[in-house]
Amino acid sequence: MWGNRRGTEPTEARSALRIRAVLSGVALPIALAATIFFAYAAAATGLTVWAVEAGIAAFIALVAAIDLLVVWYRIRRARRPPP
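All letters in the sequence shown, in the order written, are residues -2 to 80 by the working numbering.
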């Protein structure tokens, strides 16, 4: 089943790394700013909803940072000459 390919898809598909880097680079500072704002609102009001939103924004910032690291690693690996 998996060995017999009948479609026209490429055998080595590649993602658009530069677009991913731009999107993560934009999302990271926005998510960090949102995390700071929501954490401040949670501390000022004492409402749990702000703390939950701060956690969600922090998670998005973490995912964007990890994606930037992965993209950076893959771009550097692609630039190395083959052995």
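We put the CB at the ideal spot given by N, CA and C, even for glycine.
(request) Could you spell out the range, first to last residue, of the alpha helix (DSSP H) harbouring L59? (result) From DSSP, the alpha helix (DSSP H) with L59 extends over 45 to 76.
(request) Kindly give me the distance between the Cβ atoms of A39 and W47, rounded to whole angstroms, as I take these residues to be in contact under 8 Å. (result) Sure, about 4 Å apart at Cβ, within 8 Å.
(request) Starting from the Cα of A28, find the closest Cα among A62, V68, W69 and give me that residue. (result) Per the Cα distances, A62.
(message) At the level of alpha carbons, what is the spacing between A36 and A51?
(response) Cα atoms of A36 and A51: separation of roughly 5 Å, rounded to the nearest angstrom.
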